[in-house]
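Asker: In the working numbering, the protein residues as written are 3 to 221.
Don't be surprised by glycine CBs; every beta carbon is placed ideally from N, CA and C.
In this text the structure is predicted, and so the values were computed from the model without any measurement.
Have a look at this one.
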């Protein structure tokens, strides 16, 4: 019985460890401890490198369930590949409306440290593009990547469920941080947008009235 679910135990352990390190290393305590050793501007890039290393290790030990739930073929296969590519492109593109990918991984902070310039604010309200509908559009695209698989096995389904749940919880945490940092400006912005997944009726309405993606004029 244990051998039958060995993949589930190992893969669950891997995901829990990755989630735990992500949660612990982003706490104020961890950041403060890091600042005592190295400049704070190096925090994001050091964390990004650590995350990449852990991802490589995680996928090295990942176990396949051997159970295929579905395998798309023909046009549906290419549609799924296209959807995955679009979600991946959207993930990077949406940083244009939040901060920047360079700032997210920490490169911008290192550059500002070396040039002694001030980096852009990490939290700021943007009301155009995808940010008109959701507050964290790159998280939306990240979740969609996991569900655009042309071949879904039992272990990749478990990964998709776990990753989506963890992404959602992380988004809630970042949303609360936005309220704490920006106060009423973020709270008012939250009243007109969704957290991760947009309202399709609102999008269709904006498409038909010609205001799709255009900046909101009122909070």
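#1: Return the CA-CA distance between residue 84 and residue 39, expressed in angstroms with no decimal places.
#2: For residue 159, which residues in the same chain have their Cβ closer than 8 Å to its Cβ, ignoring the five residues on either side in sequence?
#3: Ends of the alpha helix (DSSP H) at residue 77?
#4: Quick check on the burial criterion: 16 or more other C-beta atoms within 10 angstroms. Buried or exposed for residue 13?
#5: Does DSSP put residue 191 in a helix, a strand or coil?
#6: Can you give, in chain order, each stretch of the beta strand (DSSP E) that sits fully within the stretch 101-188 and has at least 3 residues?
#7: Just to check my reading of the structure: residue 192 and residue 137 have Cβ atoms closer than 8 Å, yes? What is that Cβ distance to the nearest angstrom?
#8: Starting from residue 49, follow the alpha helix (DSSP H) in both directions and report where the run begins and ends.
#9: May I ask you to list the residues that DSSP assigns as paired with residue 72?
#10: Would you say residue 79 reaches chain D, if we count a Cβ-Cβ gap shorter than 8 Å as a contact?
#11: Under three-state DSSP, which class holds residue 196?
#12: Is the stretch 107-118 touching the stretch 26-44 in the sense that three or more CB pairs, one from each, lie closer than 8 Å?
#13: By DSSP, does residue 211 sit in helix, in strand, or in coil?
#14: Please name the residue, chosen from 212, 58, 87, that lies closest to residue 16 on a Cα-to-Cα basis.
#15: Nearest-angstrom Cα distance between residue 75 and residue 197?
#16: For residue 202, is the classification buried or exposed, using 16 other Cβ atoms within 10 angstroms of its Cβ as the cut-off for buried?
#17: Using 8 Å for Cβ pairs, my map puts residue 155 next to residue 213. What's the rounded Cβ distance?
#18: For a test of the three-state rule: what should DSSP assign to residue 217, helix, strand or coil?
#19: According to the Cβ coordinates, are residue 56 and residue 147 closer than 8 Å?
#20: What does the Cβ neighbour count give for residue 151, buried or exposed, with the cut at 16 atoms within 10 Å?
#21: Just reading off the alpha helix (DSSP H) that residue 20 is part of, what are its end residues?
#22: Between residue 164 and the rest of its own chain, which residues show a CB-CB distance below 7 Å, the 5 nearest in sequence each way excluded?
Answerer: The structure says:
#1: Indexing the chain shown from 1 puts residue 84 at position 82. Indexing the chain shown from 1 puts residue 39 at position 37. In a straight line, the C-alpha of residue 84 is about 45 Å away from that of residue 39.
#2: Here the question's residue 159 lines up with position 157 in the chain shown. Only 71 meet the Cβ criterion.
#3: Residue numbering aside, residue 77 sits at position 75 when the chain shown is read from its first letter. Unbroken alpha helix (DSSP H) run through residue 77: 77-95.
#4: Along the chain shown, read from residue 1 onward, the residue named residue 13 stands at position 11. With 16 or more Cβ atoms within 10 Å of its Cβ, residue 13 is classed as buried.
#5: Within the chain shown, numbered from 1, the residue matching residue 191 stands at position 189. Of the three classes helix, strand and coil, the one that applies to residue 191 here is helix, per DSSP.
#6: Within the stretch 101-188, the complete beta strand (DSSP E) runs of at least 3 residues are 153-155.
#7: Against the chain shown, residue 192 aligns to sequence position 190. Against the chain shown, residue 137 aligns to sequence position 135. Confirmed, Cβ separation roughly 7 Å.
#8: By 1-based counting over the chain shown, the position of residue 49 is 47. Run containing residue 49: 45-63, per the alpha helix (DSSP H) assignment.
#9: Position 70 of the chain shown, counting from 1, holds the residue named residue 72. Note: residue 72 sits in a beta bridge opposite 154.
#10: This model lacks chain D altogether, as it is built from one protein chain only.
#11: Translated into the one-based positions of the chain shown, residue 196 becomes position 194. Residue state, collapsed to three classes: strand.
#12: yes
#13: Here residue 211 is taken as the residue at index 209 of the chain shown, counted from 1. Residue state, collapsed to three classes: helix.
#14: Numbered from 1 along the chain shown, position 14 holds the residue referred to as residue 16. Nearest option by C-alpha distance: 58.
#15: What you label residue 75 is simply residue 73 of the chain shown in a count that begins at 1. What you label residue 197 is simply residue 195 of the chain shown in a count that begins at 1. Approximately 34 Å between the Cα atoms of the pair.
#16: Along the chain shown, read from residue 1 onward, the residue named residue 202 stands at position 200. It counts as exposed.
#17: Locating residue 155 in the chain shown gives position 153, counting from the first residue. Locating residue 213 in the chain shown gives position 211, counting from the first residue. A Cβ-Cβ distance of about 42 Å is found for the pair residue 155 and residue 213, leaving them out of contact under the 8 Å criterion.
#18: Along the chain shown, read from residue 1 onward, the residue named residue 217 stands at position 215. Looking at residue 217 - three-state DSSP - the assignment turns out to be coil, as it is neither helix nor strand.
#19: Mapped onto the chain shown, residue 56 falls at position 54. Mapped onto the chain shown, residue 147 falls at position 145. It is not a contact, given that the beta carbons lie outside the stated cut-off.
#20: Taking the first residue of the chain shown as position 1, residue 151 is located at position 149. Counting Cβ neighbours within 10 Å, residue 151 comes out buried, since at least 16 surround it.
#21: Position 18 of the chain shown, counted from the start, is the residue given in the question as residue 20. Per DSSP, residue 20 belongs to the alpha helix (DSSP H) from 8-27.
#22: For this step, residue 164 is matched to residue 162 along the chain shown. Excluding positions up to five away in sequence, the list reads 17.
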